[in-house]
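Peer 1:
2 protein chains.
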Amino acid sequence: MATIDFQNIATQFVEHYYTTFDADRKNLAGLYRENSMLTFESSQSLGVASIVEKLTSLPFQKITHKISALDAQPTPNGGIIILVTGQLLVDEEQNPLSYSQAFQLCQDPAGQWFVFNDIFKLVYG
Amino acid sequence: MATIDFQNIATQFVEHYYTTFDADRKNLAGLYRENSMLTFESSQSLGVASIVEKLTSLPFQKITHKISALDAQPTPNGGIIILVTGQLLVDEEQNPLSYSQAFQLCQDPAGQWFVFNDIFKLVYG
Chain A
1 MATIDFQNIA TQFVEHYYTT FDADRKNLAG LYRENSMLTF ESSQSLGVAS IVEKLTSLPF
61 QKITHKISAL DAQPTPNGGI IILVTGQLLV DEEQNPLSYS QAFQLCQDPA GQWFVFNDIF
121 KLVYG
Chain B
1 MATIDFQNIA TQFVEHYYTT FDADRKNLAG LYRENSMLTF ESSQSLGVAS IVEKLTSLPF
61 QKITHKISAL DAQPTPNGGI IILVTGQLLV DEEQNPLSYS QAFQLCQDPA GQWFVFNDIF
121 KLVYG
């Protein structure tokens, strides 16, 4: 659908994002920019500092994301929209939580991909 | 986060989209354009005719979407990204199916909002 290999970029990005999140989520700072937006369980943050503060203040110590599915499409501005569905294992909980997360990736002037839009939502069955 | 009232436009759009889908889904044609993309359960369609053919060929007669949550953000090109989570009631099935759907809305030259990106995915708990 476009000349960029959006599926491959999306897959690599999502793996990197969740590996970083699960290892030490303050290191996600490099994936956001000053105009990036995060909506986490309907709470909104704008910009790197605010987003990282939100992510690092989440009340769990150990977290593991397991991706169930990932679909991507190119967007009008040369970006990539991604819908991830997956499961979260939090601390010592035995039961995983289902979640969905939508990203829009854009390229900065140096050609590096970053997260412009990030919407995370738990899904209750 | 932007001058457009993205939350209100997103809410109105999503209500209109699912009402139309549940009543007669071929009437969704007016919400897509020739460069619109649909990824439905990882199957890709491009353009109005292909998207409407996909939607109308889905193997159910009666469907009801129930929205659980809707979050929206403005996008770099003046569009709106939306993440919907909800439940589907299909035909005579008693058990609802959980789903997630990500949209990116854009405005056409006449100022009308249309779906540029549409990714639909069932979520298994």
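Taken in sequence, the protein lines are chains A and B.
If you use our numbering, the first sequence corresponds to residues 1 to 125, in order.
If you use our numbering, the second sequence corresponds to residues 1 to 125, in order.
The beta carbon of each residue, even a glycine, is placed where N, CA and C say it ideally should be.
All figures in this text were calculated on a predicted structure; none of them were measured in a lab.
1) Are the Cβ atoms of Phe114(B) and Leu58(B) separated by less than 8 Å?
2) Have a look at Phe103(B) and Ile119(B) and give me their C-alpha separation to the nearest angstrom.
3) Would you mind working out which of Gln73(A), Ile51(A) and Leu89(A) sits nearest Lys66(A), comparing C-alpha positions?
4) Can you list, in chain order, the residues of its chain with a C-beta nearer than 6 Å to that of Thr64(B)? Leave out the 5 residues immediately preceding and following it.
5) Given that Ile51(A) touches chain B, what residues does it touch there, using C-beta distances under 9 Å?
6) Going by Cα to Cα distance, which pick from Ser100(A), Gln44(A) and Asp71(A) is closest to Ile9(A)?
7) Confirm, please, whether the CB-CB distance from Ser100(A) to Leu83(B) is below 8 Å.
8) Is it buried or exposed for Lys121(A), if we count other Cβ within 10 angstroms and need 16 for buried?
9) Expressed to the nearest angstrom, what Euclidean distance is found between the alpha-carbon atoms of Asn77(A) and Pro109(A)?
10) Counting contacts by CB-CB distance shorter than 8 Å, is Ala69(A) in contact with chain B?
11) Can you find a CB in chain B that lies within less than 8 Å of the CB of Leu55(A)?
12) Does DSSP put Leu31(A) in a helix, a strand or coil?
13) Going along chain A in order, which residues have a C-beta closer than 9 Å to the C-beta of Val115(B)?
14) Apart from the five residues on each side of it in sequence, which residues of its chain come closer than 7 Å, Cβ to Cβ, to Arg25(A)?
15) Would you call Gln94(A) buried or exposed, if buried means 16 or more other Cβ atoms sit within 10 Å of its Cβ?
16) Rounded to whole angstroms, what is the Cα-Cα separation between Val52(A) and Asn27(A)?
17) With DSSP collapsed to three states, give me the class of Tyr99(A).
18) Note down the Cα distance separating Pro96(B) from Ser45(B), rounded to an integer number of angstroms.
19) Using the C-alpha atoms, what's the distance from Gln107(A) back to Ala2(A)?
20) For Gln73(A), which residues in chain B fall below 7 Å Cβ to Cβ?
21) Give, in chain order, every residue of the region 98-113 of chain A whose Cβ lies closer than 7 Å to some Cβ of chain B.
22) Looking only at C-alpha atoms, which of Glu15(B), Val123(B), Ile81(B) and Arg33(B) sits nearest to Thr39(A)?
23) Answer yes or no: do Asn117(B) and Gln73(A) have a C-beta to C-beta separation smaller than 8 Å?
Peer 2: Let me lay it out:
1) Taking C-beta atoms as the reference points, Phe114(B) and Leu58(B) fail to come closer than 8 Å.
2) Cα-Cα distance, rounded: 7 Å.
3) The option with the nearest alpha carbon to Lys66(A) is Leu89(A).
4) Excluding five sequence positions before and after Thr64(B), the CB atoms of its chain that fall closer than 6 Å to its own CB belong to Asp22 and Leu89, given in chain order.
5) Chain-order list of chain B residues neighbouring Ile51(A): empty, with the shortest C-beta distance near 12 Å, by a criterion of under 9 Å.
6) Ile9(A) has its Cα closest to that of Asp71(A), out of Ser100(A), Gln44(A) and Asp71(A).
7) Against a cut-off of 8 Å, the Cβ pair of Ser100(A) and Leu83(B) comes out as a contact.
8) Buried is the call here.
9) When rounded, the distance between both Cα atoms is 13 Å.
10) Taking CB atoms only, Ala69(A) has a neighbour in chain B less than 8 Å away.
11) Leu55(A) does not count as touching chain B.
12) Taken through DSSP and simplified to helix, strand or coil, Leu31(A) comes out as helix.
13) Under the 9 Å cutoff, chain A gives no residues; its nearest Cβ is about 11 Å from Val115(B).
14) Around Arg25(A): Leu55 and Thr56.
15) Around the beta-carbon of Gln94(A), fewer than 16 other beta-carbon atoms lie within 10 Å, marking it exposed.
16) If you draw a straight line from the Cα of Val52(A) to the Cα of Asn27(A), it comes to about 8 Å.
17) Note: Tyr99(A) maps to strand in three-state DSSP.
18) Each residue's Cα considered, the two are about 26 Å apart.
19) Low confidence applies to Ala2(A): its pLDDT is 45, below 50, so where it sits in the model is not reliable, and the reading given next is rough at best. Their backbone Cα atoms lie some 15 Å apart in a straight line.
20) Correct list: Met37, Thr39, Asn117 and Ile119.
21) When CB distances to chain B are screened at a threshold of 7 Å, the residues of the region 98-113 of chain A falling below it are Ser98, Ser100, Ala102, Gln104 and Cys106, in chain order.
22) When only C-alpha atoms are compared, the closest one is Ile81(B).
23) Yes; because the gap between Cβ atoms is below 8 Å, this pair is in contact.
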